[in-house]
Amino acid sequence: MASGGDTERVEVVENGHSSGDVPVETAQEDMAESNCDQVITSFDFMGLKKLLLHGIYSHGFEKPSFIQQRAIVPCISGADVIAQAQSGTGKTATFSIAILQRIDENLRKTQALVLAPTRELANQIQSVVLALGKDMNIIAHACIGGTDWRNDAAAFKSGVHVVVGTPGRVYDVINNRRLLQLDHLLMFVLDEADEMLSLGFRDQIKQVYSCLPSDGVQIILLSATIPAEVIEVTKAFMKDPIRILVKKDQLTLEGIKQYFVYCEREEYKFETLVEIYETITITKAVIFVNKRRTVDELVHRLRAKDFTVAAIHGVLPAEERKKIMDNFRSGPTRVLITTDLLARGIDVQHVSLVINYDLPTNRENYIHRIGRSGRFGRKGVSINFVTRDDLEDMKELARFYNTQLEELPSNIADIV
Numbered sequence: 003m004a005s006g007g008d009t010e011r012v013e014v015v016e017n018g019h020s021s022g023d024v025p026v027e028t029a030q031e032d033m034a035e036s037n038c039d040q041v042i043t044s045f046d047f048m049g050l051k052k053l054l055l056h057g058i059y060s061h062g063f064e065k066p067s068f069i070q071q072r073a074i075v076p077c078i079s080g081a082d083v084i085a086q087a088q089s090g091t092g093k094t095a096t097f098s099i100a101i102l103q104r105i106d107e108n109l110r111k112t113q114a115l116v117l118a119p120t121r122e123l124a125n126q127i128q129s130v131v132l133a134l135g136k137d138m139n140i141i142a143h144a145c146i147g148g149t150d151w152r153n154d155a156a157a158f159k160s161g162v163h164v165v166v167g168t169p170g171r172v173y174d175v176i177n178n179r180r181l182l183q184l185d186h187l188l189m190f191v192l193d194e195a196d197e198m199l200s201l202g203f204r205d206q207i208k209q210v211y212s213c214l215p216s217d218g219v220q221i222i223l224l225s226a227t228i229p230a231e232v233i234e235v236t237k238a239f240m241k242d243p244i245r246i247l248v249k250k251d252q253l254t255l256e257g258i259k260q261y262f263v264y265c266e267r268e269e270y271k272f273e274t275l276v277e278i279y280e281t282i283t284i285t286k287a288v289i290f291v292n293k294r295r296t297v298d299e300l301v302h303r304l305r306a307k308d309f310t311v312a313a314i315h316g317v318l319p320a321e322e323r324k325k326i327m328d329n330f331r332s333g334p335t336r337v338l339i340t341t342d343l344l345a346r347g348i349d350v351q352h353v354s355l356v357i358n359y360d361l362p363t364n365r366e367n368y369i370h371r372i373g374r375s376g377r378f379g380r381k382g383v384s385i386n387f388v389t390r391d392d393l394e395d396m397k398e399l400a401r402f403y404n405t406q407l408e409e410l411p412s413n414i415a416d417i418v
């Protein structure tokens, strides 16, 4: 890592033409542990295509976020990249911008393949790619389970630049149905890499990886948490990757106020939720539980009290899940109950409150969950329901994230 926090000038060349002196900071006293120390503080100085730059600003971006300042240019360079950033800081746009910069929009062949752990996240990524690349006439296709494979066949026949999908369906259309050709592939991206390289997905990822061209494909991994065991797995298929990682003692969510409510026993949680329900409906709130059965139970009991809630979990058909998420994003639904399905990457703007009705069983999921609030620097609040049996787990979460959870004050309306 470079010494000093000075700003130096470098020259970015695009298509053989110099863009002049570019402000690049060397990263010193920041949070990132990286073997690439350039920090470029403006989209204008990243050497981006004009139409892509227009798409970025049209999408509402003004200045690159922490991760975007550090990771976009390495991703554009063609090098393998491992990038860690907290939820809501622009991970999706980071690799989407890199994809749109690297691919040839005049070549209607699949040049980038993105894998995500859930259908919702795959749809969200596709939306971002299409929005940023609107002026470039980019074609991006979501290849996900729960949909008719014939739609995939039609899309691939007409030609797509970017495929975003879930591992099982992507492997099926490549290997079993022989619908997707990867001869022109430039980039392979794993979003939520910790989940994707966990035991549940690892075999599927290996299967997809085995179908890639033997050389010349760039691999990019992104996630809010990248444990050491994931780094170890990547050694098998990444070549001298550029690493942009967050130090463990700084792995927390700045700007999100974290509270707990002591419920003593499991059966007292529902009473606590009812007490604060009227308060939480003044804003958008997500309530996380650990089991699908608990989702159904809470919905039934809350609706019996004439409370309006929506729910989503993995068993629902893809179309129904999409409809529920659209209603939550656009406004009619203000309170959503879900399992950890939603904790990874679903970009719901303006969610300012997250309630952990159950503490997550996996401590890495805590940061994914509460990252639904306070996105892109907005202030957010998380409330954790804690029973007598949860006290040690709560203390462990606080230690792991080097943070403090305060007891919820009585004036809840003032903090949300």
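Start counting at 1 in the sequence shown, then tack on 2, and there's your number in this note's numbering. Ideal placement from N, C-alpha and C gives every residue a C-beta, glycine not left out.
Contact between the segment 98-118 and the segment 259-278 is absent, with fewer than three C-beta pairs closer than 8 Å. Here residue 191 is near residue 222, since their CB atoms are less than 8 Å apart. Judged by DSSP in its simplified three-state form, residue 183 adopts coil rather than helix or strand.
Judged by DSSP secondary structure, residue 223 falls within the beta strand (DSSP E) whose first and last residues are 220-225.
Excluding sequence positions up to five before and after residue 415, its CB lies within less than 6 Å of the CB of 281, all in the same chain and listed in chain order.
In terms of Cα proximity to residue 272, the closest of 232, 388, 126 is 388. No Cβ-Cβ contact shorter than 8 Å links residue 143 with residue 175.
Residue 166 is bridged by DSSP to 116, 144.
Residue 290 is positioned such that its CB atom lies no closer than 8 Å to that of residue 217. Between residue 313 and residue 339, the C-beta spacing is below 8 Å.
Sequence-distant Cβ neighbours of residue 241 in its own chain, meaning closer than 6 Å and more than five residues away, are 82.
Cα atoms of residue 116 and residue 412: separation of roughly 45 Å, rounded to the nearest angstrom.
Just so you know, the alpha carbons of residue 37 and residue 246 end up roughly 7 Å apart. For residue 109, the closest C-alpha among the options 163, 133, 335 is that of 163. By the criterion of a C-beta distance shorter than 8 Å, residue 170 is surrounded in its chain by 147, 206, once the five residues flanking it on both sides are discounted.
Under the three-pair Cβ rule at 8 Å, the segment 195-215 does not count as touching the segment 42-61. A buried status is given to residue 342, since no fewer than 16 other beta-carbon atoms sit within 10 Å of its beta-carbon. An exposed status is given to residue 52, since fewer than 16 other beta-carbon atoms sit within 10 Å of its beta-carbon.
In this structure, the straight-line span from the alpha carbon of residue 244 to that of residue 77 is close to 9 Å. By the C-beta density criterion, residue 168 is buried, having at least 16 other C-beta atoms within 10 angstroms.
Counted as a single uninterrupted DSSP element, the stretch harbouring residue 65 is not any alpha helix (DSSP H), since DSSP gives it neither H nor E. For residue 386, the secondary structure class from DSSP, reduced to helix, strand or coil, is strand.
In chain order, 86, 194, 195, 196 place their CB closer than 7 Å to the CB of residue 225, counting only its own chain and leaving out the 5 sequence neighbours on each side.
Ranked by Cα distance from residue 187, the options 153, 114, 228, 180 are led by 114.
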